[in-house]
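Worksheet: the structure to be examined is printed underneath.
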Amino acid sequence: MSENLNKETLLVDETSAGTRLDRFLATQLPHISRSRLKQLIKQGEVCLNGAKIEEPNYRVKPADQISVNSPDPQAALPQAQDIPLCVVFEDEHLIVINKPHGMVVHPAAGNWDGTLVNALLAHCGDTLSGIGGVKRPGIVHRLDKDTSGLMVVAKTDLAHNSLADQFAAHGRDGKLKRAYKTLVWAAPRHTRGLVNAPLGRKPNNRLKQAVLRKGGRPSVTHYEILQHFLESEKGPLLSLLNCTLETGRTHQIRVHMAHIGCPVVGDQTYGSGFKTREQKLSEKSQTLLKNLKRQALHAYLLGFEHPKTGEKLVFESDLPRDFADLLNSLTDS
Numbered sequence: 001m002s003e004n005l006n007k008e009t010l011l012v013d014e015t016s017a018g019t020r021l022d023r024f025l026a027t028q029l030p031h032i033s034r035s036r037l038k039q040l041i042k043q044g045e046v047c048l049n050g051a052k053i054e055e056p057n058y059r060v061k062p063a064d065q066i067s068v069n070s071p072d073p074q075a076a077l078p079q080a081q082d083i084p085l086c087v088v089f090e091d092e093h094l095i096v097i098n099k100p101h102g103m104v105v106h107p108a109a110g111n112w113d114g115t116l117v118n119a120l121l122a123h124c125g126d127t128l129s130g131i132g133g134v135k136r137p138g139i140v141h142r143l144d145k146d147t148s149g150l151m152v153v154a155k156t157d158l159a160h161n162s163l164a165d166q167f168a169a170h171g172r173d174g175k176l177k178r179a180y181k182t183l184v185w186a187a188p189r190h191t192r193g194l195v196n197a198p199l200g201r202k203p204n205n206r207l208k209q210a211v212l213r214k215g216g217r218p219s220v221t222h223y224e225i226l227q228h229f230l231e232s233e234k235g236p237l238l239s240l241l242n243c244t245l246e247t248g249r250t251h252q253i254r255v256h257m258a259h260i261g262c263p264v265v266g267d268q269t270y271g272s273g274f275k276t277r278e279q280k281l282s283e284k285s286q287t288l289l290k291n292l293k294r295q296a297l298h299a300y301l302l303g304f305e306h307p308k309t310g311e312k313l314v315f316e317s318d319l320p321r322d323f324a325d326l327l328n329s330l331t332d333s
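Here the numbering used here is used: position 253 in the sequence shown is 253, and no number is missing along the way.
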């Protein structure tokens, strides 16, 4: 067993008898995630009546004495980098930031540094108490590299567990609120509606997502038209939408909007077939769209229940300057 330990000892009562060991520990130690507790059990950091036990599915018995040794969090593998962040809110449990477009959330192939995680490791420093035994920020949701907007990140296991549950429910429990503004080509048929189309990796291009008749994961996007631009007999050239999600699939809004014939403006992956429509814009709008260099998609609203206090927190973010300037040019056209 590890020497640098935080040790906690528990006694099983009659009401908990028959519960799986990992579940019993999760109810008694809510500040440690269940996945972390499973990890500790398998690493030999849990003792049952004085002897190591490495079986998470053991059914506890009345009067069982269980001790849990939780080693101090290890340093995170990604390097901390002093990258400026737009911090909207921060306390000892979590941080809310306004992510700029162009920033990748998590280190991965092709983007090992310069990410949000690298920036958070430097910004948060010792306030990170350890997610799964590692001093790292707890990422519970992501935004695409070229999508801007609000994100919340956990600093502790307790916050990570609570926020992960809230995001998994996607607002069905009344705790989470998320909304996006996006500029799309053309306009959906109805002022308000939803797209219910399963998504998965495109069979002939694993880097792209697609609507799949078989094998796709359930995916639902709600939309509301906020404004039309450059209307003609054939309908508006563009529309500003408010979108909310029942699910959180990769590229969900972008793929769903393209699926109904209204791809996100500036989306080089799913909206390339609408290039000819750019020629109908004013010279000023064409220049601003060219300078946008990304999809016009912004996560402007984020609300959740604070993991520790239970307080309802709601944050809003203005559209980035490049997105707002493009909208203003369309209004002036």
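Glycine included, each C-beta is placed from N, C-alpha and C at the ideal position.
Asked                                                                                                                         : Found
Distance, G174 Cα to L288 Cα                                                                                                  : 38 angstroms
Coarse secondary structure for V255, derived from DSSP in three states                                                        : helix
Rounded separation between K290 and Q28 - CA only                                                                             : 55 angstroms
Segments of 3+ residues assigned as beta strand (DSSP E) that fall wholly inside the segment 237–322                          : 297–305 and 312–316
At least 3 beta-carbon pairs within less than 8 angstroms: the segment 149–169 vs the segment 228–241                         : no
Pair within 9 angstroms by beta-carbon distance, Y180 and L301                                                                : yes
Length at least 4, wholly inside the segment 151–184: the alpha helix (DSSP H) runs in chain order                            : 157–169
Rounded Cβ spacing between R254 and V264 (contact assumed at less than 8 angstroms)                                           : 5 angstroms
Span separating the alpha-carbon of N204 from that of K214                                                                    : 15 angstroms
Local conformation of N118 per DSSP, three classes                                                                            : helix
The beta strand (DSSP E) enclosing T27, as first and last residue numbers                                                     : Note, T27: premise wrong, no beta strand (DSSP E); alpha helix (DSSP H) at L21 to Q28.
The segment 301–314 contacting the segment 79–94, beta-carbon criterion three pairs below 8 angstroms                         : yes
Cβ-Cβ distance between D13 and P62 below 9 angstroms                                                                          : yes
First and last residue of the uninterrupted alpha helix (DSSP H) at S35                                                       : R34 to K42
Between the CA atoms of T191 and I139 - distance to the nearest angstrom                                                      : 34 angstroms
Alpha carbon of G193 to alpha carbon of L226, nearest angstrom                                                                : 13 angstroms
Local Cβ density within 10 Å of C86, reported as buried at 16 or more and exposed below that                                  : exposed
One or two residues paired with I225 in a DSSP bridge                                                                         : L241
DSSP bridge partner residues for T9 (one or two, in chain order)                                                              : S67
Sufficient close CB pairs (3 or more, under 8 angstroms) joining the segment 118–129 to the segment 155–167                   : yes
Beta-carbon gap between P320 and P84 smaller than 9 angstroms                                                                 : no
Proximity to L48 [Cα-Cα], best of W185, R23 and I66                                                                           : I66
Residues of its chain near L207, where Cβ-Cβ distance is below 6 angstroms and the 5 sequence neighbours each way are ignored : none
Coil, strand or helix - A187 by DSSP                                                                                          : coil
7 angstroms CB neighbourhood of I32 in its chain, flanking five on each side removed                                          : S70 and D157
Beta-bridge pairing of I83 - partner residues as DSSP gives them                                                              : BP columns for I83 are empty, so no partner.
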